[in-house]
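Novice: This is the structure I have questions about; it appears just below.
Number of protein chains: 2
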Amino acid sequence: MGVVVAFEDKSGPLASIDAIVGLTRADMAKVNSTILSRTGSDVTMIPEVANHLISSGGKRLRPILTLATAQLANYGGEGHIKLAASVEFMHTATLLHDDVVDESDMRRGKPAARMLWGNEASVLVGDFLLGQAFRMMVEVGSLRALDILSSAATVIAEGEVAQLAAAKDTATTEDDYLAVIRGKTAELFAAACEVGPVLAERPRDEQSACRSFGMNLGIAFQLVDDALDYGGSGAELGKNVGDDFREGKITLPVVLAFRRGSEQEREFWRRTLERGEIAEADLDHAVALIRRHHALEDTIERARHYGSMAKDALGLFADGPVKSALLDVVDFCIDRAH
Amino acid sequence: MGVVVAFEDKSGPLASIDAIVGLTRADMAKVNSTILSRTGSDVTMIPEVANHLISSGGKRLRPILTLATAQLANYGGEGHIKLAASVEFMHTATLLHDDVVDESDMRRGKPAARMLWGNEASVLVGDFLLGQAFRMMVEVGSLRALDILSSAATVIAEGEVAQLAAAKDTATTEDDYLAVIRGKTAELFAAACEVGPVLAERPRDEQSACRSFGMNLGIAFQLVDDALDYGGSGAELGKNVGDDFREGKITLPVVLAFRRGSEQEREFWRRTLERGEIAEADLDHAVALIRRHHALEDTIERARHYGSMAKDALGLFADGPVKSALLDVVDFCIDRAH
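See the structure below:
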């Protein structure tokens, strides 16, 4: 499958994350060496599994956001390095556990860790990374940052369980779906962006602004991801196109197509997603239904809406290179759909 | 299977945990209501899964130890309640994840959560409880207690991965085995006992004494557990006798029987534990070999050794009802073997 839906281009040349990568390069080098040293263990399976995933070429968007928002808040200390590494560890732990939950074969274009080392190692190395994340946060010593990140850990798990409970349920509303992705994806973006100004002891409104930026960016990011699962190419996704369909995951493209479809079409969604009776040609048919009802374009439109909210959230910060680079990230996340 | 090996009785009447349960009853009621409120979630699967395990009649030994060592340290605040609840959540999260790793069918005499709600829910609800544990610790606000418990989370996961790496390896030495159980079991006992005097801001030597008490008690506890798996009854264990054998887990009774056995016997252990070729009568034969080499009695003897170290660790505290009740816990853990 490699159906690429041509979306109408509204934003001129495609945005890039070059600016934010450049601005955070020096800090990111420190984060990377922290990550490397904190995955070390005498139990050799731990660095093997952890580094399989960590060095598999993710963009490290979440730690970059922590570094950039710390810069935006004129933070002068070193605590943001360990918090950024903590955020990446929390993310990696989630991916390891997700692969077990979803029974995924691929992750970031490579075999999922569970395919190489088994479910057991994925669960336990995930737990190890979560433990290391908390240790680093404790070392930084900010109780407020600890509060934000430990609450995020709870909310993420809650979102994942909610997704599990909603799985295969075609009656899922757009609101239900939004609650799930706020938890499972956007909360960590929000926490990653909030802790920078918290460390810098900036006023509460700036902390909230960065949190709101991260939350809305995270929602936009996940919406685009969900669209790509029906309209991207495997290379872009780093996983198989149609994975969500095969797993019976109810994402926004399906929520929209289901509600806009005929009763006959709804029966198709129920058979495939709820009852898991999926035949060879069903993915093509699913994509065709989603296109017929403009469900991908409108998922991207929704993403653009949350992207705008993210951008506006930064309005109270003065213009400058860091703010401008953060705004580029929003456009970059949405432009992935092209 | 219900082979009960008669151990020589060296300690007179069997010890009980009645004293420590009595002394901590009022605090434990608060811990229980904290546990109840912190497993609450709009995502109904979370309290269902969590309470299935939490209310399944575990002895809550770990939180009791946190409460009792806080009393021993004359702690006057309320922080020990949330830390005790955190300790129980960390333990419950570990059990949920262990069941997935071990593919267990039973836990505490009931079907394991993963048999009722699936592996997915066990992984994710475990993550939720871990997140809630950290949130409660953050609320208590002691960075040193946070350090101890977050480090414990890492060490526990490391111990579990080490066990996974050593699984099915009959070349495991007693030292390798001890390193595993220090991590996977004793570390949480140690942390549970250390945070009480830490909260009470007692001198470092008292903190270390309580940590040492917990560590050695935890080792003794696990040794007896491992002996019961070959010589207890299902009711005592709350799981199936012979589970360790069927899972190819290398525990001390096997380490001893393997080393004391003939080459023919060692080939039996390699076939069953390493290659997993287990026939109907093999568990009975395994138990017979373990009895022939007095491996259960000597496992209990080893437990008694660590139990003595645990008791001596408390030597620098003045005698009194709390200290005496803690010493009873050591005897109780070892007397379970009778």
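Chains as they are written, first to last, in the working numbering: chain A, 52 to 389; chain B, 52 to 389. Beta carbons: idealized from backbone N, C-alpha and C, even for Gly.
State yes or no: is the C-beta of E238/A within less than 7 Å of the C-beta of I207/A?
Specialist: yes
Novice: Determine the chain B residues that contact R186/A at a beta-carbon separation under 7 Å, and present them in chain order.
Specialist: S201, S202, T205
Novice: Among the residues of its own chain, which have a CB less than 7 Å from the CB of N102/B, if the five just before and after it don't count?
Specialist: Apart from sequence neighbours up to five positions away, the residues of its chain that approach N102/B with a beta-carbon distance below 7 Å are T90, ordered along the chain.
Novice: Does the segment 247-259 of chain B come close enough to the segment 350-360 of chain B to have 3 or more Cβ pairs within less than 8 Å?
Specialist: no
Novice: Can you tell me which of E314/A, I270/A, D382/A puts its alpha carbon nearest to the alpha carbon of L303/A?
Specialist: Distance check between L303/A and each of E314/A, I270/A, D382/A places I270/A closest, using alpha-carbon atoms only.
Novice: Tell me whether the segment 116-126 of chain B and the segment 168-188 of chain B touch, counting them as touching only if at least three CB pairs, one residue from each stretch, are closer than 8 Å.
Specialist: no
Novice: Who are M157/A's beta bridge partners in DSSP?
Specialist: DSSP, once it has assigned bridges, lists P162/A as partnering M157/A.
Novice: Answer yes or no: does any C-beta atom of chain B fall closer than 7 Å to that of M96/A?
Specialist: Yes, because at least one Cβ of chain B sits closer than 7 Å to the Cβ of M96/A.
Novice: Once you ignore the five residues that flank H142/A on each side, which residues in its own chain have a CB closer than 7 Å to its CB?
Specialist: R113, L239
Novice: Work out the CA separation of A260/A and D370/A for me, nearest whole Å.
Specialist: 15 Å
Novice: Whole angstroms are fine: how far does the CA of D335/A sit from the CA of D153/A?
Specialist: Roughly 22 Å separates the two Cα atoms.
Novice: Touching or not, the segment 220-233 of chain B and the segment 307-326 of chain B, by the rule of three or more beta carbon pairs under 8 Å?
Specialist: yes
Novice: Taking CB distances under 7 Å as the criterion, tell me whether M52/A reaches chain B.
Specialist: Below a pLDDT of 50, predicted positions are generally treated as unreliable, and M52/A, at 36, falls in that range; the measurement from the model is reported next regardless. No - not a single Cβ of chain B is within 7 Å of the one on M52/A.
Novice: Cα separation between V94/A and G247/A?
Specialist: 33 Å
Novice: Compare the Cα-Cα distances from A364/A to each of R326/A, V249/A, R387/A, M266/A and report the closest residue.
Specialist: M266/A
Novice: Does H148/B get closer than 7 Å to chain A when you measure Cβ to Cβ?
Specialist: yes
Novice: Within 10 Å of its beta-carbon, does E331/B have 16 or more other beta-carbons around it, so buried, or fewer, so exposed?
Specialist: In the assembly as shown, E331/B is an exposed residue. Its beta-carbon has fewer than 16 other beta-carbons within 10 Å.
Novice: At what residues does the alpha helix (DSSP H) containing N291/A begin and finish?
Specialist: Where N291/A is concerned, there is no enclosing alpha helix (DSSP H), given that its DSSP letter is neither H nor E.
Novice: Write down every uninterrupted run of the alpha helix (DSSP H) in the segment 113-189 of chain A whose length is 4 residues or greater and which is fully enclosed by it, in chain order.
Specialist: For the segment 113-189 of chain A, whole alpha helix (DSSP H) runs of length 4 or above, ordered along the chain, are 130-153.
Novice: Report the three-state DSSP secondary structure of T95/B (helix, strand or coil).
Specialist: Here T95/B sits in coil by DSSP.
Novice: State the DSSP-derived secondary structure class of Y387/B, mapped to helix, strand or coil.
Specialist: Here residue 387/B is Arg; the residue named in the question, Tyr, does not match the sequence. Shown here, R387/B sits in coil according to DSSP, grouped into three states, outside any helix or strand.
Novice: Which residue's Cα is closest to the Cα of G177/B: G366/B, G109/B, P98/B, D156/B?
Specialist: With distances taken between Cα atoms, G177/B lies closest to P98/B.
Novice: If I measure Cβ to Cβ from A361/A and keep anything under 7 Å in the same chain, skipping five residues before and after, which residues do I get?
Specialist: Only F264, N267, L268, A271, V381 meet the Cβ criterion.
Novice: Here's the rule I'm using: 16 or more other beta-carbon atoms within 10 Å means buried, otherwise exposed. How should Q273/A be labelled?
Specialist: buried
Novice: I270/B by DSSP, collapsed to three states: which one?
Specialist: helix
Novice: Can you name the residues of chain A whose CB is closer than 9 Å to the CB of K182/B?
Specialist: Note on identity: in this sequence residue 182/B is Gly, with Lys being the wrong assignment. Near G182/B (Cβ distances below 9 Å), the residues of chain A are L181, S201, S202, A203, A204, T205, V206, I207, A208, E209.
Novice: Work out the CA separation of A243/B and A136/B for me, nearest whole Å.
Specialist: 10 Å
Novice: Could you pull out every residue in the same chain whose Cβ sits closer than 7 Å to the Cβ of R165/B, ignoring the five residues on either side in sequence?
Specialist: D150, V151, S173
Novice: I need the straight-line Cα distance from R76/A to V138/A, nearest angstrom please.
Specialist: Here the alpha carbons of V138/A and R76/A stand approximately 17 Å from one another.
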